[in-house]
Structures are given as C-alpha cells and as structure tokens.
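Reviewing the structure listed below.
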Amino acid sequence: MAKEFVVGIDLGTTNSVIAWVKPDKTSEVISNAEGSRTTSSVVSFSKTGEIIVGEPAKRQAVLNSDRTIRSIKRKMGTDSKSTIDGKDYTPQEISSYILRKMVKDAEAYLGGSIKKAVVTCPAYFNDAQRQATKEAGQIAGLEVLRIINEPTAAALAYGLDRKNDEKVVVFDLGGGTFDVSILEIGDGVIQVVSTNGNNHLGGDDFDKRVVDWLADNFRNAHGVDLRNDRQSLQRLYEAGEKSKIELSTKVETDISLPVITATAEGPFQLEAKLPRATLESLVRGLVESTRGPVENALRDAKLNASDINEVLLVGGMTRMPLVQQTIKAIFKKEGNKSINPDEAVAVGAAIQSSILSGEMGKDVVLVDVTPLTLGVEVKGGLLEPIIERNTPIPVKKAKVFTTAEDNQTEVEVRVYQGERKIATQNHMLGSFRLVGIMSAPRNIPQIEVSFDIDTDGIVNVNAKDLGTGKEQGMVVTGRNKLDPTEINKMVEDAKRNEEEDNRRKQEIEMKNQADHLVYSIEKILRESGDKIPGDLRSKVESLKNDLRDAVNKENMQRIKVLMDALNLESMKMGAFLYKQPNASPDPNDVQTGGQSGPNPEDGNTYTAEYEDVQ
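Using the numbering used here, read the sequence shown as starting at 1 and increasing by one per residue.
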C-alpha cells in the first residue's frame with residue numbers, strides 16, 4: 001500500500017506552489033514535472049481536446065487566448081463560466097485542473113499518494129470564495145483539511161509562531177494581486193487583526209508597462225504596432241517578464257528578439273536596452289499605489305508604522321528593489337527576505353498540514369478575522385450588526401429580534417455584509433424565511449438570529465423562534481465576489497457617508513418609535529377608551545392621527561413635536577387610568593423610549609423588529 005502524504009498548497013492567481021514537511025521536520029517545495037518550483041496557474045484547451053496546465057499553457061496564452069484561462073482565482077466564488085467547445089467550466093473546475101497537476105507531479109516525486117491538503121486563500125476572501133476554493137480541492141480528489149489565510153501561512157513559514165508579543169506585517173505582492181495583513185503573534189497564537197489590498201495589482205501589471213514601452217518604441221522607430229500581432233505580443237510579454245526579473249539583480253538588461261515580426265518590407269528584429277532606472281520610472285505609480293492599502297490596514301489595526309516589529313515579504317514582486325525601498329520608507333526597516341517570497345505561503349500551508357495530521361507535534365492556534373461587518377436587515381431598512389468587522393474567527397454570536405406586526409407568522413432574514421447603516425447600501429449575502437412563528441401581538445415573539453463563522457471563514461446563519469422552537473438557517477453560498485478593492489471601497493464609503501447615514505438612521509429610529517407609540521396608544525384606547533374622559537380621549541385621538549400622518553409623510557420635525565405632545569397626553573391618560581380599578585395599563589404600552597436596546601441578561605442579544613414579509 002502506497003504511503004500517504006499531506007501537503008500544503010498555495011493556489012495562486014498567477015503561480016501555484018505545493019510543499020510538504022519531511023520526516024526531519026524541515027519543509028520542502030516540490031518541483032513539478034518540468035523541473036520548476038512554481039506552476040503557472042494557467043489552463044489551456046488544445047484543439048484536440050487535451051487539457052494543458054502550467055508553463056506550456058502559459059507559453060501559448062496569447063496565441064490561443066480564446067481557449068486559455070488565466071487568473072481564474074479572481075473569479076472564485078462567482079457564477080462566471082468559461083465556455084470551451086460548447087461546454088461550461090466553473091472557476092472551481094478550472095482550479096481543480098491546476099491542483100490535479102501539482103498533486104500528480106508531487107505524488108511522482110514522493111512515491112506515494114496525496115489525499116489530504118491545507119489550501120491557502122487571501123485573507124479578504126469572503127465565504128463564497130472560500131467555499132469555492134474548498135470545492136476546487138474536492139473536485140481534484142482532495143480532502144481539504146483547512147482553508148487558511150495566506151498571511152497566516154507566511155507567518156508560519158517564517159517561523160514567527162515561535163515569537164512572542166510581536167506585531168507583523170505581511171506584504172504580499174504577487175503576479176496578480178496585492179494583499180497586506182497585520183498579524184499579532186504571541187504564546188503560540190497567530191492572529192490576523194486587519195487586512196487590505198488590491199485584487200487588480202500585481203506582476204502582470206508591471207509586465208504590461210514594459211510591453212507597452214517596448215511596443216511604443218518599436219512603433220516610433222518602424223511604424224509597426226507589435227500589439228496587433230498575437231505572436232509578436234506573446235514574445236513581448238515573455239521578454240518583458242524576463243527583463244523585469246533580471247533587473248531585480250542587475251542595473252541594466254539587453255532585450256534581443258530576432259525576427260519579431262515581418263511585413264512586405266521584410267523581417268524586423270527588436271533590440272533594446274532597459275536600465276533599471278527606466279523600469280522604475282515606468283512602474284513607480286504602481287508601487288506607490290501599495291501605500292494606501294498599507295495605511296488603511298494600519299489604521300484598522302489602530303497601529304502606527306513604528307509599532308511594527310517585522311515586515312515579511314511575500315510574492316515575487318517583492319524582489320524588486322523599488323518595492324523594497326518603498327517598504328523601508330514606510331516602516332523605517334528592511335523587509336524580512338529570509339524565505340523565498342514565491343514559496344513562503346506554500347511552506348506555511350505545509351507546516352499547518354503537518355500540525356493538523358499530528359506529524360509536527362506542536363500546536364499553533366491560527367486566528368483570522370472577518371473582513372467586513374455581518375448583520376441582518378431590521379424594521380425601517382436598517383442594518384443590525386451581529387458580528388463586527390475584524391472580529392477574530394472562529395466566532396458565534398446571536399441577537400434576539402421580535403415582530404413588527406400583530407399576528408406575524410413569518411419573517412425574512414436578509415443577511416448583509418458591509419459598514420453602512422442602511423442595509424441595502426451593503427453587500428447582500430443571501431436570505432431565507434422562518435415560518436411557523438407563534439401568532440401573537442407584535443413585540444411578543446422572540447426570534448434568535450445567530451451567526452457562526454468556522455475556522456475556514458465559512459458563515460452559517462440560523463433563525464429560531466424561541467417560543468415554538470421552529471428554526472431555519474443557511475450556509476452563505478451566494479457566489480458574489482468581494483475583492484480587497486471593493487472591501488476597501490465599502491469601508492471608505494461608510495466613512496464618507498457616516499454623517500448622512502447617522503442622520504438617516506436617526507430618522508428611521510424616530511419613525512419606528514412613533515409607530516410604536518401610535519400602536520401603544522391604539523391598544524390602550526381599544527381596551528380602556530370608555531374609561532377615559534371624552535376631552536382627553538379626543539385630544540389623544542387627534543394627536544395620534546396627526547402623528548401617523550406625519551410618519552407617512554416623513555415630516556421628521558413634525559414627528560418630533562407630535563411625539564412629545566402625545567407622550568405628554570399619554571402620561572395624563574395613564575395617570576387617570578391608574579386611579580381606576582382594574583384598568584391600570586402596562587407602562588411600556590403608554591410610553592416609548594425606542595424599540596431597541598441591549599438585553600441586560602445577555603450581552604449578545606438585541607431586541608429589534610422585523611417587517612412583515614407577507
């Protein structure tokens with residue numbers, strides 16, 4: 001029987017890496033069949049039906065662009081499909097081909113089978129994206145032991161689990177994405193406290209700047225735009241990437257492409273010298289754009305750059321001297337380059353796989369965070385947060401809600417992710433209905449809504465009627481992608497609109513209070529109206545009707561005036577009824593101080609209202 005191995009896999013946007021922990025407890029990156037320690041995350045379908053993965057697929061990506069799929073990681077968790085020869089392929093299926101290739105090559109090297117793996121994903125990946133990553137592993141025939149965040153994996157690779165009381169930045173600039181995460185490490189616990197980034201910034205963007213520079217110079221010299229020729233463009237990209245890599249260690253590189261194209265005038269060759277200074281001038285704007293996410297991550301973590309003990313460099317682009325200079329300028333210290341930046345994440349994943357399988361013999365607690373606030377929509381369209389952004393996971397929290405209408409027997413639980421106070425201004429993750437609620441006056445039923453986020457960052461939402469025991473729930477599986485740029489935009493939008501959102505929230509809460517006051521007054525008049533003096537009852541009726549009209553017209557100033565007046569008259573009405581035998585009203589039915597507030601018996605519960613969805 002073949003020996004079974006566990007591995008760690010960095011499923012990257014442009015390149016992927018697989019690693020394992022050897023019996024001597026050291027980590028090893030496993031080369032693929034082509035002899036490379038990284039596998040290009042590219043899948044191509046030949047005209048004969050062959051599925052090509054890795055560098056061979058990358059080499060013909062431009063020539064065979066309509067049958068070649070790149071950067072599929074950016075589409076994980078979406079409903080996107082790639083159609084080849086009339087067949088639709090999901091992002092999970094495409095990713096599984098990459099995983100299969102790496103696993104097959106690793107099995108050949110190890111001389112055994114690989115059934116289990118730890119797979120990494122960006123810290124900003126939402127539930128749908130994590131689910132899709134897990135599904136890709138399952139399609140590839142793997143039992144995914146755990147999905148762990150890439151910065152957490154990098155920290156393991158650098159051996160920072162052995163450090164105490166350190167604040168660490170993981171600066172990850174790869175081929176297709178840029179991520180920055182801040183971690184706190186101590187006592188065997190690695191905790192992600194904030195994350196930010198740009199899902200559309202990476203080495204590919206740097207390559208394009210070089211390609212455009214070469215093409216523009218050639219066009220100016222010969223009147224021919226090489227970008228219009230697929231074969232020429234393919235060669236330009238290969239030369240651009242090669243020169244960019246060389247300039248990490250050289251100050252100048254030569255680019256020579258014999259017979260780059262041919263016209264009626266004959267063949268042309270491309271000869272150019274690319275100094276490092278020229279490359280830096282071409283990409284300086286790209287490098288500078290990393291500052292914003294770094295500053296945002298620091299602000300979210302409530303830290304200054306001077307508070308950071310170490311900066312870990314992850315991703316091939318961190319080899320560029322200009323990137324390293326920028327990091328030093330921000331943090332006033334050199335980045336840690338002790339681990340190959342292309343391999344750090346996979347090595348960390350391998351270490352975690354070894355820990356989970358019991359081979360490493362040590363226990364490291366990995367604590368990640370949820371990137372955005374999770375909550376539900378309540379009466380008036382407000383978002384009621386249940387789990388705040390940057391809350392460590394795994395976590396489970398619950399709040400208790402009630403109904404907004406009499407005899408309401410069902411509610412719709414709408415789940416949102418975001419920082420705006422109005423629910424619909426956030427990102428909707430999904431919804432479900434809880435039916436069979438006890439028929440009762442509003443505010444009586446108690447509906448507990450709980451959010452449970454597991455170690456993989458996957459969200460389970462459950463609603464339970466505490467009176468009947470009826471419950472319903474969902475796993476958030478909405479295939480809606482939120483990249484770090486979108487996350488950052490949502491946070492910035494929330495800050496920019498905070499004043500307006502607060503004003504709107506106050507208006508909605510005032511309308512809800514007014515509605516509750518009207519409801520309470522009507523209940524008293526219905527039950528005890530015949531015992532109230534005619535002039536007082538008439539005045540209360542008039543104020544009540546005026547208040548309802550003001551609510552319908554959303555006249556906030558008039559609502560406030562009428563509420564004050566009606567509360568005053570209701571107090572007189574309550575005082576009168578109090579003196580009458582068997583007619584004492586519930587004080588809560590007479591006055592309103594708001595419809596929500598913390599439950600004193602449980603800091604994790606909250607009382608609010610659900611709109612009737614029938």
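Here a beta-carbon is modelled for each residue, glycine too, at the ideal position from N, C-alpha and C.
- Item | Residue range of the beta strand (DSSP E) that includes S232 | Counting from 1 along the sequence shown, the entry for residue 232 is found at position 232. Here S232 belongs to no beta strand (DSSP E); instead the alpha helix (DSSP H) covers 230-246.
- Item | alpha helix (DSSP H) runs wholly inside the segment 40-126, at least 4 long, in chain order | 55-59, 91-110
- Can you tell me which of the three DSSP states V590 falls into? One-based indexing of the sequence shown puts residue 590 at position 590. Any answer about V590 is weak, because its pLDDT of 45 lies below 50 and its placement is not dependable; what the coordinates show is given next. If DSSP states are grouped into helix, strand and coil, V590 belongs with the helices.
- Query: What do you get for K332, buried or exposed, if any count of 16 or more other CB atoms within 10 angstroms of its CB means buried?
  - Reply: Against the sequence shown, residue 332 aligns to sequence position 332. The residue is exposed, with fewer than 16 neighbouring Cβ atoms inside 10 Å.
- Would you tell me roughly how many angstroms separate the C-alpha atoms of I18 and V411, rounded to the nearest one? Residue mapping note: residue 18 aligns to position 18 of the sequence shown, counting from 1. Residue mapping note: residue 411 aligns to position 411 of the sequence shown, counting from 1. The straight-line gap from Cα to Cα measures roughly 47 Å.
- Message: If contacts are defined as beta-carbon pairs under 8 Å, then F206 and L270 qualify, I think. What distance do you get, rounded to the angstrom?
- Response: Numbered from 1 along the sequence shown, position 206 holds the residue referred to as residue 206. Numbered from 1 along the sequence shown, position 270 holds the residue referred to as residue 270. With 8 Å as the limit, F206 and L270 do not qualify as a contact, their Cβ atoms being about 19 Å apart.
- Message: Once DSSP output is grouped into helix, strand and coil, what is the label at S570?
- Response: As a working mapping, residue 570 is identified with position 570 in the sequence shown. If DSSP states are grouped into helix, strand and coil, S570 belongs with the helices.
- Task: Could I get the ranges of all uninterrupted alpha helix (DSSP H) runs contained in the segment 119-183, with 4 residues as the minimum, in chain order?
- Result: 127-139, 150-157
- Looking at S82 and L11, is the spacing between their C-beta atoms short of 8 Å? Counted from its first residue, the sequence shown places residue 11 at position 11. Counted from its first residue, the sequence shown places residue 82 at position 82. Going by C-beta atoms, L11 is not nearer than 8 Å to S82.
- Message: Using C-beta distances below 6 Å, list every residue in its chain close to V6, excluding the 5 sequence neighbours before and after it, in chain order.
- Response: Against the sequence shown, residue 6 aligns to sequence position 6. Excluding residues within five positions, the ones whose Cβ falls inside 6 Å are K116, S353, S357.
- Message: Out of N196, R420, S570, which one is the CA nearest neighbour of S289?
- Response: Sequence index remark: in the sequence shown, residue 289 carries index 289 (1-based). When each option's Cα is compared against that of S289, the closest is N196.
- Residue range of the alpha helix (DSSP H) that includes T326: Here residue 326 is taken as the residue at index 326 of the sequence shown, counted from 1. Looking at the DSSP string, the run of the alpha helix (DSSP H) that includes T326 is 321-331.
- In terms of alpha-carbon separation, which member of V294, D530, S450, P394 lies closest to L616? Because the chain here runs from 1 to 614, residue 616 falls outside it and cannot be looked at.
- Item | Beta-carbon proximity check, L434 vs A398, cutoff 8 Å | As a working mapping, residue 434 is identified with position 434 in the sequence shown. As a working mapping, residue 398 is identified with position 398 in the sequence shown. No. Outside cutoff.
- Query: Hey, how far is the Cα of R479 from the Cα of Q231?
  - Reply: To locate residue 479, count along the sequence shown from 1; it is residue 479. To locate residue 231, count along the sequence shown from 1; it is residue 231. Because the pLDDT of R479 is 39, which lies under 50, any placement of that residue in the model is unreliable, and the question is left without a value.
- Assign T253 to buried or exposed, taking buried as 16 or more other Cβ atoms, counted over all protein chains shown, within 10 Å of its Cβ. Along the sequence shown, one-based indexing puts residue 253 at 253. Under this definition T253 is a buried residue.
- Query: Hey, how far is the Cα of G112 from the Cα of M320?
  - Reply: Along the sequence shown, read from residue 1 onward, the residue named residue 112 stands at position 112. Along the sequence shown, read from residue 1 onward, the residue named residue 320 stands at position 320. Between G112 and M320, the C-alpha separation is close to 38 Å.
- Message: So L42 and T68 are supposed to be a Cβ contact under 8 Å. How far apart are they, rounded?
- Response: For the purposes of this step, residue 42 is taken as residue 42 along the sequence shown, with counting starting at 1. For the purposes of this step, residue 68 is taken as residue 68 along the sequence shown, with counting starting at 1. This sequence places Val at residue 42; Leu is not what is there. Cβ-Cβ separation between V42 and T68: approximately 6 Å, consistent with a contact (criterion under 8 Å).
- Item | Buried versus exposed call for E4 [16 or more other C-beta atoms within 10 Å across all chains shown] | Stepping through the sequence shown from its first residue, residue 4 is reached at position 4. An exposed status is given to E4, since fewer than 16 other beta-carbon atoms sit within 10 Å of its beta-carbon.
- Task: Check K511 in the structure and name its three-state DSSP category.
- Result: The residue given as residue 511 occupies position 511 in the sequence shown. Helix, per DSSP.
- Inter-stretch contact at 8 Å, needing at least 3 Cβ pairs: the segment 177-196 / the segment 148-159: yes
- Task: Helix, strand or coil for N198, going by three-state DSSP, please let me know.
- Result: Position 198 of the sequence shown holds residue 198. Here N198 sits in strand by DSSP.
- How many whole angstroms separate the CB atoms of I147 and G457, which I take to be in contact at a CB cut-off of 8 Å? If you number the sequence shown from 1, residue 147 lands on position 147. If you number the sequence shown from 1, residue 457 lands on position 457. Contact between I147 and G457 holds, with the beta-carbon distance rounding to 7 Å and staying under 8 Å.
- Task: Please classify R496: does DSSP put it in a helix, a strand, or coil?
- Result: Your numbering for residue 496 matches position 496 in the sequence shown. R496 falls in the helix class under three-state DSSP.
- When the Cα atoms are used, what is the spatial distance from P56 to I72? Working through the sequence shown from its first residue, we reach residue 56 at position 56. Working through the sequence shown from its first residue, we reach residue 72 at position 72. Each residue's alpha carbon lies about 17 Å from the other.
- Task: Report the partner residues of H427 according to the DSSP bridge assignment.
- Result: Residue 427 sits at position 427 when you count from the first residue of the sequence shown. Assignment of beta-bridge partners to H427 by DSSP yields Q417.
- Of the residues A404, N32, R59, the one placed nearest A239, counting alpha carbons only: Here residue 239 refers to the residue found at position 239 when the sequence shown is read from its first residue. Looking at the Cα atoms, R59 is the closest of the given residues.
- Query: What are the start and end residues of the alpha helix (DSSP H) that includes P293?
  - Reply: Reading the sequence shown from its first residue, position 293 is the one you call residue 293. Element bounds for P293: 291-300.
- Note down, in chain order, each residue of its chain lying with its Cβ closer than 7 Å to the Cβ of M317, except the 5 sequence neighbours on either side. Looking up residue 317 in the sequence shown gives position 317. Same-chain partners within the cutoff: L173, G174, G202, G203, F206, V323.
- Quick one: residues in its chain with C-beta nearer than 8 Å to the C-beta of S27, no 5 flanking neighbours on either side, listed in chain order? Mapped onto the sequence shown, residue 27 falls at position 27. Cβ within range, chain order: A19, W20, V21, A157, V347, A350, I351.
- In chain order, what residues of the same chain have a beta carbon less than 8 Å from the beta carbon of L543, not counting five sequence neighbours either side? Along the sequence shown, read from residue 1 onward, the residue named residue 543 stands at position 543. Around L543, the same chain offers L562, A565, L566, E569 as residues with beta carbons nearer than 8 Å, after the five sequence neighbours per side are excluded.
- Task: Thinking A423 and L374 are a contact (beta carbons under 8 Å), I'd like their distance in whole angstroms, please.
- Result: As a working mapping, residue 423 is identified with position 423 in the sequence shown. As a working mapping, residue 374 is identified with position 374 in the sequence shown. The pair is not a contact, with the Cβ atoms about 12 Å apart (cut-off 8 Å).
- Buried or exposed for N512, please, with buried defined as at least 16 other CB atoms from any protein chain shown within 10 angstroms of its CB. Within the sequence shown, the letter at position 512 stands for residue 512. The residue is buried, with at least 16 neighbouring Cβ atoms inside 10 Å.
- Residue(s) in a DSSP beta bridge with A462: For this step, residue 462 is matched to residue 462 along the sequence shown. It should be pointed out that residue 462 corresponds to Asn in this sequence rather than to Ala. Per DSSP, S450, G473.
- Item | Same chain, Cβ closer than 8 Å to F454, five either side skipped, listed in chain order | The residue labelled residue 454 in the question sits at position 454 within the sequence shown. The identity of residue 454 in the sequence shown is Asp, whereas the question assumes Phe. Correct list, in chain order: I393, P394, N460.
- Cβ shell of I559 (< 8 Å), same chain only, five flanking positions each side left out: Counting from one through the sequence shown, the residue named residue 559 turns up at place 559. Only M510, K511, A514, L547, A550, V551 meet the Cβ criterion.
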